[in-house]
Structures are given as structure tokens and as C-alpha cells.
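Below is one structure, written out as C-alpha cells; comments come after it.
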Amino acid sequence: MHFLLFPLFAAAVIIIVKFAYSVIWLPYAIQRHFKAQGLAGPGYRPITGNAAETSRLFARAQSKKLEAAGGGIFGHRDVVARVSPSYYEWARVYGKTFLFWFGVRPRVAISSPEDVKEVMLNTSGSFGEVRFNPLSKLLFGQGLVGLQGETWALHRRIISQAFNMERVKEWVPEIVSCTTKMLEKLEGIRAEREEFEIDAHREMHDVSADVISKTTLGSSFEEGKRIFALQDQQTHLVAQALANVYIPGFRFLPTKKNRERARLEKETRDSIRALIKRRNGRVGGSSRNLIDLLMSPYKNQDGVEEKLGVEEVIDECKTFYFAGKETTANLLSFALLLLANHHEWQDKAREEVTRVIGRGKPLGADNLSDLKILNLIIQETLRMYPPAVLLLREATKKVKLGRLEIPIGTQFYVPLIGIHYDIEVWGEDAHEFNPLRFNEPSKHLAAYFPFGMGHRICVGQNLAIVEAKIVLAMIIRNYSFVLSSTYVHAPFHFISLMPQYGAQLVFRKAF
Ligand code: HEM
Numbered sequence: 001m002h003f004l005l006f007p008l009f010a011a012a013v014i015i016i017v018k019f020a021y022s023v024i025w026l027p028y029a030i031q032r033h034f035k036a037q038g039l040a041g042p043g044y045r046p047i048t049g050n051a052a053e054t055s056r057l058f059a060r061a062q063s064k065k066l067e068a069a070g071g072g073i074f075g076h077r078d079v080v081a082r083v084s085p086s087y088y089e090w091a092r093v094y095g096k097t098f099l100f101w102f103g104v105r106p107r108v109a110i111s112s113p114e115d116v117k118e119v120m121l122n123t124s125g126s127f128g129e130v131r132f133n134p135l136s137k138l139l140f141g142q143g144l145v146g147l148q149g150e151t152w153a154l155h156r157r158i159i160s161q162a163f164n165m166e167r168v169k170e171w172v173p174e175i176v177s178c179t180t181k182m183l184e185k186l187e188g189i190r191a192e193r194e195e196f197e198i199d200a201h202r203e204m205h206d207v208s209a210d211v212i213s214k215t216t217l218g219s220s221f222e223e224g225k226r227i228f229a230l231q232d233q234q235t236h237l238v239a240q241a242l243a244n245v246y247i248p249g250f251r252f253l254p255t256k257k258n259r260e261r262a263r264l265e266k267e268t269r270d271s272i273r274a275l276i277k278r279r280n281g282r283v284g285g286s287s288r289n290l291i292d293l294l295m296s297p298y299k300n301q302d303g304v305e306e307k308l309g310v311e312e313v314i315d316e317c318k319t320f321y322f323a324g325k326e327t328t329a330n331l332l333s334f335a336l337l338l339l340a341n342h343h344e345w346q347d348k349a350r351e352e353v354t355r356v357i358g359r360g361k362p363l364g365a366d367n368l369s370d371l372k373i374l375n376l377i378i379q380e381t382l383r384m385y386p387p388a389v390l391l392l393r394e395a396t397k398k399v400k401l402g403r404l405e406i407p408i409g410t411q412f413y414v415p416l417i418g419i420h421y422d423i424e425v426w427g428e429d430a431h432e433f434n435p436l437r438f439n440e441p442s443k444h445l446a447a448y449f450p451f452g453m454g455h456r457i458c459v460g461q462n463l464a465i466v467e468a469k470i471v472l473a474m475i476i477r478n479y480s481f482v483l484s485s486t487y488v489h490a491p492f493h494f495i496s497l498m499p500q501y502g503a504q505l506v507f508r509k510a511f
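Be aware that the sequence shown starts at 1, since it is given in full-length UniProt numbering, and climbs by one per residue.
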């Protein structure tokens, strides 16, 4: 009998030893390895890493009194402390390069432009993308954001040509029409009154969703509404799961949340598939939308024909809905808030917009490059309130970074927002809104990168900038706006950076 028990006993011992090795021996050995090289940080705690400390710092940051608009002005000094409290606190205590723990995973925070450049731009394959928690696939499917290797390269080639500037300019009439619809809604709310208050954040979400629906599927927000509603529900469920350390295989258990996630996934895919089918059934119409571009074969530089299948296109649609809507909506909301807070810049932008486009004429693609002040404002907004707050990479082999020997599997935490506020790079006025700083030649390639850098740089950045210019120009031309006394300045990181309690603004007709 006990010779039967022996293999079981041996298997149990092996599992326990392996577990102890990966959650105790290895992390402490890595910690000693970094300590010997002078790299400090909050100490490792078995299994959960620094999760408890992160939650404590986050709760403390959230409980701090927020700046109510009251007198109409808010400051930017505490943005990094509120948005990335653990990075802020640990950088203060251990210096800007430090070691911390995401579960059993070592993460090295890096912020010197040299290190950031090396990790983001190195082409040797030593620094790869962090493999996503499988649950995040529910948000962007097997789309570009989550793909790796050859499949990623194929999708990237096809998608990049669909997003080049010439193509994006062809969408200007669609973007103008989405913005006109939003302005008509605002006029309805105004109802002949002198001034009226809105939560501009909500309006920016709707217009951004409308633009993504039109450019991606050639359908309106109303048609794509169901998909956004499903994606929003999925985002909340996935975000809850991502906040915790992932236990392999957990997603297959038939828990209530797992079943809900699976239902949302199926319904989202079915809805996108139905929209594609409906599109294919339509006679004529423009073929400028992304879906049509992705599904029509194109020849790559070797003359080989490449195209994506329906299921791959569905994955990319999910990615665009996810990566394109929130980010651009949040950029627009913060730009409006900053202009409401810094009226002199709002006046300058309005003067430029009326000079370049005139008061009544429709905005055209040719006007975009003349909106120079607006461009500076958008760049400064992306510096101070970047929708993507941090980036992650991972050492795919043993590598050297500066003087540090980095073991395979170490992750790199690139605190994009922390770097955007670094006074060593930006000067003593790093916490002040000053669009003119972008008039000067770029300070450092790796000190400003709201769209990332290297081969994974944002594929949708042309669309985001063109959309931001059009929406802001058309709002500024029609209305002047100030912060409402109900506005509370609370930048908040939930997947992307957003104003936590909305963007309450009081609008008046500009002329
Ligand atoms: C203000 C708006 C936006 C910001 C700040 C932004 C930011 C970023 C950043 C920082 C990355 C790089 C992530 C990394 O290196 O790990 C990225 C990638 C990406 N973005 Fe954006 N994005 C914006 C708008 C958009 C739009 C409008 C779309 C599409 C409709 C889009 C689609 C993507 C995709 C597909 C990727 C993955 C690229 C790849 O891995 O090859 N983004 N974005």
C-alpha cells in the first residue's frame, strides 16, 4: 500500500519545494542580487509582493483633501502623488530607480532618459512586452495591443497603413460631423439661456465614441452604442481582476464574475460581427472606414498580398474601441479643464481658430496644420495629464541596463507621468501649465512620450491628434467656458487617466 502512497508523497514534496522556490527562495535571491548592486526598494513579501503597501498608499492618496474649483483655479503640484502614489512615495524614499514587487515578479522603476531609451528603443529583442494577464484579452481580444511576434508584425503592417496621416485626413468630414452633432446637443441644453452647465467629460466620451464608431465601422455611436455599453461593463469587471495578482487557471472556474465576463465577451463579438455583416450588405457608401481597409488585401513591400480575416478584424475592433475611445476622450476633457483654468490660453486659442477658419465656415483638413497654438495646448495637456500613465516592459533574457545586471523575467516600470513632471528635465516650472515650452526644440527624446515610443508606439496617434484638434477648435469657436464651482480637481488612474468626478464647466456663447 505505501509504495502507492510514495509517488503521491513525492509529487506533493516536489510541488511544495517548487512553490517555496518560486515564492520565497527566488524572490529573496533576486532582491539580494539587486541590493548588492545598490538598488533599494520596499522589501518583498511572499506571494503578494508589495500589494498591501500599494493599496495603503493608494487609499491615503485618495483620502487627501481635493482642490474644489471655488475661486476658479486648480494647481498641478500633487498630480503624480495622487495618480501614482506608490511610485511617488518610493521614488522619494529610494530614488528614481528602485526595485518593487508585483506579486512574485520583480519590477524595476526606471526614469532616467538613458535607461528609458535603452528599454523602449533597443531592437535586440532583450526588452519585450509584458505578457498580459489572460483576462485583459477580454478587453482588446487578440488585437494589436496584446499580440506578439510575427502575428503582431503582420497586424501592425496592415493597421499602420490604415492609420497614416493621409487616410486620417480623409476622416475629417466624419469627425466634423460628429462634433457638429455634439454642438447641436449643447445648443439644445442651452435653450436660449445665457449660460449653462454640463459635465463636459460625458460629452467628450460620447463624441469620441461616435468618432471611433464612424471611423472603425462606418456606423454611428447609436449603432455602436451596445458595443460600448458591453465594453464598459467588461472594463469594470476586468479592472477588478487586474488589480489583484492573477492565479493561473482561475478564469476557467465557473464563478459569477467569470460567467458574466464570458457572456459579455460573446455578446460583444456577436454585435461587432453583426455590424460587419450589415456593412457588407450595404450597397455603395464610403470605404474609408477601418474595417473595409483592414479586410481589403494590400501588398506589402515584398509585393505579397496581406489581409486580416473576420475574427481577426473583430479583435482589432475591440482594441480600437478600447484603446481609442477612453484615451482621446480623457485628453479632450483635460484640455477643456486646463483651458477653463487658464483663460488667457483659451482666448489665444479662440483668436487663432477664428483667424484660421473664420466664424461660420466648416473646418477642413487643410486648416489643421495652421492651428499651431491649439497644437501647443494639446501637447502640454498630454504632458501634464497623459492618458497612459505608465508603460511596462520585461527582460526576455539576462541583460545589462547601465551599471545594473538584470535577471531574465524582471519587469521595467516606466513612470511616464513621473517623467513628464521631472524638474531635472522640465525645469522648476514643471508643475505649471505652459504650452510655450513646446515651442522650443525637444528637451530629450525619452522625456516626453505620451504615445509611447519604439516599435510599439501608438498606431492611432494621428487619429487622436486630428480628432482632438477638430473637437477643441469647434468648441472654442462656439463657446467660452469656465470651471463650475462644483468641479473638484481629482485626476484618477483607472486604466487611463481621467477626471474622477467629471469635468463640470459653465458654457457661454462665444460671440
Ligand atoms: C490621446 C490618445 C491616445 C493616447 C495617449 C495613446 C497612448 C498609447 C500608448 C502610450 C501606447 C503604447 C503602449 C506601450 O508601448 O506599451 C499606445 C498603443 C496603442 N494605441 Fe494608443 N493612444 C491614444 C489613442 C489611440 C487611438 C485613437 C487608437 C485607435 C483607434 C489607439 C490604438 C492603439 C493601439 C492599437 C496600440 C498598440 C500598438 C502596438 O502594440 O503595436 N490609440 N497608445
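Yeah, the Cβ is synthetic: ideal placement off N, Cα and C, and Gly gets one too.
None of the values given here were measured: they were computed from a predicted structure.
Three-state secondary structure assigned by DSSP to residue i
i: I369; result: What sits at residue 369 in the sequence shown is Ser, not Ile. DSSP places S369 in helix when its eight states are reduced to three.
i: M498; result: strand
i: P106; result: strand
i: A503; result: coil
i: H155; result: helix
i: P491; result: strand
i: D115; result: helix
i: Q301; result: coil
i: K266; result: helix
i: A40; result: coil
i: L483; result: strand
i: L99; result: strand
i: F132; result: coil
i: E67; result: strand
i: L391; result: strand
i: V397; result: First, the amino acid is wrong: residue 397 is Lys here, not Val. Coil.
i: G418; result: helix
i: L404; result: strand
Residue i Cβ short of 7 Å to ligand 2 heavy atom set
i: F320; result: Ligand 2 is not among the ligands present in this structure, which contains only ligand 1.
Residue i and residue j closer than 8 Å at C-beta
i: S208; j: K318; result: no
i: P435; j: L376; result: yes
i: K214; j: A446; result: no
i: S84; j: P415; result: yes
i: E316; j: G143; result: yes
i: K211; j: I175; result: For clarity, residue 211 is Val in the given sequence; the question names Lys instead. For V211 and I175, yes; Cβs fall inside 8 Å.
i: L230; j: E267; result: yes
i: L497; j: N330; result: yes
i: F334; j: P499; result: yes
i: S484; j: R508; result: no
i: N462; j: V168; result: yes
i: Y94; j: A36; result: no
i: H76; j: F433; result: yes
i: E380; j: F438; result: yes
i: H493; j: V353; result: no
i: V459; j: F163; result: yes
i: L368; j: A349; result: no
Own chain residues within Cβ distance below 7 Å of residue i, not counting five before or after
i: V471; result: T179, V207 and L332
i: W345; result: L339, I377 and P435
i: V80; result: Y88, I417, G418 and Y421
i: T486; result: Q504
i: P362; result: V176
i: F322; result: L139, F140 and Q231
i: L404; result: Q37 and L39
i: V283; result: In this prediction, V283 has a pLDDT of 47, which is less than 50 and means its spatial position is unreliable; what the coordinates show is noted afterwards. The answer is none, since no qualifying residue turns up.
i: F132; result: G146
Nonlocal neighbours in the same chain, by C-beta distance under 8 Å from residue i, ignoring five residues either side
i: E192; result: none
i: M384; result: H76, V79, F334, L338, H420, Y421 and F433
i: E195; result: V506, F507 and R508
i: I495; result: T235, A239 and E326
Own chain, CB closer than 6 Å to residue i, minus 5 neighbours either side, in chain order
i: S86; result: T54 and L57
i: R107; result: F100, Q411 and Y413
i: L382; result: P450
i: H431; result: H76 and R77
i: V466; result: V168
Checklist entry - Is the stretch 285-304 touching the stretch 179-193, taking contact as three or more C-beta pairs under 8 Å? => result no
Item to check | Contact the stretch 194-207 vs the stretch 494-510: 3+ CB pairs below 8 Å | outcome: yes
Next on the checklist: So, does the stretch 154-161 touch the stretch 299-308, judging by three or more C-beta pairs under 8 Å?
Outcome noted: yes
Next on the checklist: Does the stretch 391-400 come into contact with the stretch 117-134, if we say contact requires no fewer than three beta-carbon pairs (one atom in each stretch) closer than 8 Å?
Outcome noted: yes
Checklist entry - With contact counted as at least three CB pairs below 8 Å, one residue from each stretch, are the stretch 398-410 and the stretch 133-141 in contact? => result no
Checklist entry - If you pair each beta-carbon of the stretch 470-484 with each one of the stretch 342-359, do three or more pairs fall below 8 Å? => result yes
Next on the checklist: Does the structure place the stretch 452-464 close enough to the stretch 30-50 that three or more beta carbon pairs sit under 8 Å?
Outcome noted: no
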